[in-house]
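Visitor: A single structure is presented below for examination.
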Amino acid sequence: MNQLNTTWMTDATQHLFSRLVTRDPETGAYVPELATWEISEDGLTWTFQIREGVTFHNGDPLTSDAIAWWFEQARDPDGFYGFKGSFSAVETITAVDPQTVVVTLSHPDAAILFMLYTVYSSIHNPTTYEELGADAYGIEDVDGTGAFKLQEFTPDDKLVIVRNDAFNWPAEFVANQEAPYLDAVEYRYIADASARSAAIEAGDLDIVVGPNLADVERLSQNSNLTVVSKPQPACRVVNFNCEQAPFDNKLVRQAFAHAVQRDPIVERLLFGQGVSAHSLVPPIFPDMFLEETTGYFPYDIEQARALLAEAGLVDEDGDGFVEFEGNSWEPEMLVSTDTELVTLAQVMQAQAAEIGIRLSISQIDLESLSARESSGEFDLVTGFYLWDGPDTMYEWWFLSSNIGTTNAARLSDPAIDELIEEMRNTATLEDRYAVVKDLQAAIHGDLVPLVPIYHPLDIYVMSNRVRGYEPNAFTLYPRMNDTWLA
């Protein structure tokens, strides 16, 4: 729960901390939480006005010094913050007075607003943080300004949070503007999805996030339960190694894309709990989603075979599979041992065979998979993101300097790098999203370094005694300010 030294969060983070910025759950618009802000006309100066009357869990007041401290930690090039690159444009941070912070940038960067909204930009009490130290903070205790306080945390077992009685500073869209109705919330770690389903059916839990997808239909029939689904800001993909012949030829990648039938995959893997993907950007983000992507590379076996032939891959010996440079060709797809991914690979294997590609599957542990992905020792590998700013994925996944880290497809294209740099330097979200659409057209409509497969749904199963718990598409972790038990 220490966002300054980890890239993994829990649902409870949303309740223990507040951020400067949040998003309206209905519209997705960025709105104030701990601060209002003004941006200069040139986009280089951001002035944050901190809410008065806000206190940390230990009673210390929230002031501009705490905000300035957080910015310094987040942009420290030698620090542990996993997203420090997102604040590389920050030049100076000045606490002008107790409630005002001025941040200057080296160039306009509209994406900063998104980063300030994420749970990784939660505001901590610097005094408590430094007293405990980075290793103990987040495990032994945390000190935020959220609606709940940490009471107990046992890793891989349970986490208990209790109401912050002093809390009266939620965002304007929250109905309950005072302390939460619930006295406490207990989170339990249950790794097995079927066990989660069984626990809520038995009445041992009030809310389950992520039941076994095969159980969803049965759970929906239970008169004591309510099942709610929402689009997830996520995407499952298959990456090509764009440095590895013949996948260094975009015609081969395009041919493979034409062979993919997404709807059967969604039905078989997700039991219908997802939607076919044609872009990294889910349609729930209409301001940046490029509608034309839904028409790119439709299922077309004949066109796929024609593209392979144009790339020089033909079936010379009549065995039903194409050869590459006169030799038998059997590209390898890396997957972890996760059942869902193994099934995905098997479906892809069958679909590839329809266009004459003999695809082999290698199931390996995550550590080995990550090592081979980083070193480029693969032909195809599955990928996934869960991140409510899909525009940032185009930088992380396709910037050529990220090859060996987040650029799994190993795409190196000067035109894409230029578009990413243009996106980085936009002063407004409107301008940024326009560039994101250009990136989608180039990536998904031409270069095809990966094939988007599906956008999953978040599935919540709730006891009927739960009231006021409302998952939405723009919040990874629903708030509990308005939640109560009947």
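Just so you know, we're using the working numbering here: the sequence shown kicks off at 10 and counts up by one.
Glycine included, every Cβ here is placed at the ideal spot set by N, Cα and C.
Which residues bound the alpha helix (DSSP H) around Phe123?
Guide: Ala120 to Tyr126 is the extent of the alpha helix (DSSP H) around Phe123.
Visitor: Would Ala243 be called buried (16 or more neighbouring beta carbons within 10 Å of its own) or exposed?
Guide: Buried, by the Cβ-count rule.
Visitor: Can you round the beta-carbon distance between Ala424 and Pro458 to whole angstroms, since I take them to be within the 8 Å contact cut?
Guide: Not confirmed; about 13 Å, so no contact.
Visitor: Using CA atoms only, rank isn't needed, just tell me which of Glu341, Asp87, Val269 and Arg314 is closest to Pro307.
Guide: The residue with the shortest Cα to Cα distance from Pro307 is Val269.
Visitor: Buried or exposed for Ser131, please, with buried defined as at least 16 other CB atoms from any protein chain shown within 10 angstroms of its CB.
Guide: Ser131 comes out buried.
Visitor: How would you call Thr22, buried or exposed, if buried means at least 16 neighbouring beta carbons within 10 angstroms?
Guide: By the 10 Å Cβ count, Thr22 comes out buried.
Visitor: If I'm right that Phe157 touches Arg172 with Cβ under 8 Å, what's the distance once you round it to whole angstroms?
Guide: Phe157 to Arg172, Cβ: 6 Å. Contact.
Visitor: In this structure, does DSSP put Ile274 in helix, strand or coil?
Guide: Here Ile274 sits in helix by DSSP.
Visitor: My assumption, with CB atoms under 8 Å, is that Ser288 sits in contact with Thr302. Please give the rounded CB distance.
Guide: Indeed they touch by this definition, with Cβ atoms about 4 Å apart.
Visitor: Can you give the Cα-Cα distance for Asn416 and Glu376, rounded to whole angstroms?
Guide: So the two alpha carbons sit approximately 17 Å from each other.
Visitor: Would you please state the rounded distance, in angstroms, between the beta carbons of Ala145 and Arg441? I believe it to be under 8 Å.
Guide: The Cβ separation is near 38 Å, so there is no contact.
Visitor: Closest to Val331 by C-alpha separation, out of Val356, Ile364 and Asp87, would be which residue?
Guide: Closest by alpha carbon: Ile364.
Visitor: Using CA coordinates, which residue listed in Leu168, Pro189 and Ala77 is at the minimum distance from Pro135?
Guide: Among Leu168, Pro189 and Ala77, the Cα nearest to that of Pro135 is on Ala77.
Visitor: Just list the residues that DSSP pairs Phe162 with in beta bridges.
Guide: Phe162 pairs with Leu168.
Visitor: For Thr492, tell me which candidate among Ala482, Thr484, Arg474 and Thr127 has the shortest Cα-Cα distance.
Guide: When only C-alpha atoms are compared, the closest one is Arg474.
Visitor: I need the straight-line Cα distance from Gly155 to Ile148, nearest angstrom please.
Guide: If I take the Cα positions, the gap works out to 17 Å.
Visitor: CB-CB under 7 Å to Asn411, same chain, minus the five flanking residues each way: which ones, in chain order?
Guide: Excluding positions up to five away in sequence, the list reads Trp405.
Visitor: Could you check how far apart the C-beta atoms of Val236 and Ser229 are, in whole angstroms? I think they sit under 8 Å.
Guide: Indeed they touch by this definition, with Cβ atoms about 5 Å apart.
Visitor: Which residues does DSSP list as the beta-bridge partners of Thr415?
Guide: The partner list for Thr415 (beta bridge, DSSP) is empty, contrary to what the question assumes.
Visitor: Check the DSSP bridge columns for Thr56 and list the partner residues they point to.
Guide: Note: Thr56 sits in a beta bridge opposite Glu47 and Val111.
Visitor: What residue from Gly153, Glu479 and Gly37 has the CA that sits closest to Ala184's CA?
Guide: Nearest of Gly153, Glu479 and Gly37 to Ala184, Cα basis: Glu479.
Visitor: Check Arg314 in the structure and name its three-state DSSP category.
Guide: Arg314: helix per DSSP, three-state reduction.
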